[in-house]
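Our numbering numbers the first residue of the sequence shown as 511 and each following residue consecutively.
For glycine and all other residues, C-beta sits at the position ideal for the given N, C-alpha and C.
This structure is a prediction, so every number in the text was calculated from the model and none was measured.
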Amino acid sequence: MGETFKTLYEKSPDGILLIKDNRFIDCNDSMLKIFGYKNKNNLLKTNLNYLSPKYQPDGKSSTKKMLLLLKKAYDGESEAFEWLHLKQNGEEFWCEIILVKIHLDGKEIIQGVWRDISYKKRYELQQEENKKRLQELNKTLEERINKAVDENRKKEQQLIQQSRLAQMGEMISMIAH
511 MGETFKTLYE
521 KSPDGILLIK
531 DNRFIDCNDS
541 MLKIFGYKNK
551 NNLLKTNLNY
561 LSPKYQPDGK
571 SSTKKMLLLL
581 KKAYDGESEA
591 FEWLHLKQNG
601 EEFWCEIILV
611 KIHLDGKEII
621 QGVWRDISYK
631 KRYELQQEEN
641 KKRLQELNKT
651 LEERINKAVD
661 ENRKKEQQLI
671 QQSRLAQMGE
681 MISMIAH
């Protein structure tokens with residue numbers, strides 16, 4: 511059974527990272543690929559701060575936010591969330607992360623599972639951009655329609671006025687004869 515779990519750990523397409531006392535203690539090869547590291551020791555020696563931008567898109571400090579999420583996981587609250595990360599080369603990318611407290615060799619550690627969701631976030635951002643563009647087009651179209659309706663009303667009023675003046679002119683002409 512131990513060999514099965516070792517194979518699952520090592521061959522998982524998701525990155526798996528083991529954390530103890532807020533330090534990385536082990537990871538699988540998928541984790542190296544996700545972050546662009548070639549050497550496991552280099553990733554394990556990396557400080558958590560270097561794997562994220564200073565602030566997450568919500569404006570909160572990445573470090574403070576991650577420490578809070580790790581604390582919740584240590585307290586037994588399984589956490590699943592989306593996170594903006596940095597590859598070793600500085601490129602930003604999105605991951606979905608699940609943090610779970612597990613017991614391994616009599617020690618409490620955090621198992622983190624990382625899944626690159628950059629394609630999903632790009633799609634969501636594109637959808638959001640398309641939605642904004644559509645709203646702007648609708649607003650512009652509505653303004654153009656309102657303007658055209660106003661112009662038509664003015665023209666209609668002018669036609670009515672011209673028609674009245676023409677009728678008055680005809681009446682005056684008939685009276686004069």
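Q) Since E520 contacts N538 with CB under 8 Å, what's their CB separation in whole angstroms? A) Counting from one through the sequence shown, the residue named residue 520 turns up at place 10. Counting from one through the sequence shown, the residue named residue 538 turns up at place 28. Right, the Cβ-Cβ distance comes to about 5 Å (below 8 Å), so this counts as a contact.
Q: Taking K550 as part of the beta strand (DSSP E), name the residues at either end of that continuous run.
A: Position 40 of the sequence shown, counted from the first residue, corresponds to residue 550. No beta strand (DSSP E) contains K550, which is instead part of the alpha helix (DSSP H) from 550 to 555.
Q: Identify whether Q705 lies in helix, strand or coil by the three-state DSSP scheme.
A: The structure shown does not extend to residue 705, since the chain spans only 511 to 687, so no value can be given for it.
Q. Which stretch, first to last residue, makes up the beta strand (DSSP E) that contains I526?
A. Taking the first residue of the sequence shown as position 1, residue 526 is located at position 16. Note, I526: beta strand (DSSP E), 525 to 530.
Q | CB contact flag (E589, W604, <8 Å) | A | One-based indexing of the sequence shown puts residue 589 at position 79. One-based indexing of the sequence shown puts residue 604 at position 94. It is not a contact, given that the beta carbons lie outside the stated cut-off.
Q | Contact belief for G622 with I607 at Cβ below 8 Å, rounded distance in angstroms | A | Within the sequence shown, residue 622 is the residue found at index 112, counting from 1. Within the sequence shown, residue 607 is the residue found at index 97, counting from 1. Indeed they touch by this definition, with Cβ atoms about 6 Å apart.
Q. What's the gap between the Cα of K657 and the Cα of S683?
A. Stepping through the sequence shown from its first residue, residue 657 is reached at position 147. Stepping through the sequence shown from its first residue, residue 683 is reached at position 173. Spanning the two alpha carbons is a distance of roughly 39 Å.
Q.
By DSSP's criteria, F603 is part of a beta bridge. Which residues make up the other side?
A. Here residue 603 corresponds to residue number 93 of the sequence shown, with the count starting at 1. DSSP output for F603 lists H595 as bridge partner(s).
Q. Does the beta-carbon distance from D531 to W624 come in below 8 Å?
A. Mapped onto the sequence shown, residue 531 falls at position 21. Mapped onto the sequence shown, residue 624 falls at position 114. No, Cβ-Cβ distance for D531 and W624 is not below 8 Å.
Q | When Y629, E646, P563, Y633 are compared against G600, the one with the closest alpha-carbon | A | As a position in the sequence shown, residue 600 is number 90, starting the count at 1. Per the Cα distances, P563.
Q) Three-state secondary structure (DSSP) at Q571? A) Position 61 of the sequence shown, counting from 1, holds the residue named residue 571. The identity of residue 571 in the sequence shown is Ser, whereas the question assumes Gln. It is a strand residue.
Q: Please name the residue or residues paired with A590 in a DSSP beta bridge.
A: Translated into the one-based positions of the sequence shown, residue 590 becomes position 80. Partner(s): I608.
**Q.** Counted within 10 angstroms of its Cβ, other Cβ atoms place I612 as buried (16 or more) or exposed
**A.** Numbered from 1 along the sequence shown, position 102 holds the residue referred to as residue 612. Per the 10 Å Cβ criterion, exposed.
Q.
Within a Cβ cutoff of 8 Å, which residues of the same chain sit near S571, ignoring the five residues on either side of it in sequence?
A. Mapped onto the sequence shown, residue 571 falls at position 61. Counting only Cβ-Cβ distances below 8 Å, and skipping sequence neighbours, we find K564, Y565.
Q) Closest to S522 by CA distance: which of R533, M541, D536, I529 is it? A) The residue you call residue 522 lines up with position 12 of the sequence shown. With distances taken between Cα atoms, S522 lies closest to M541.
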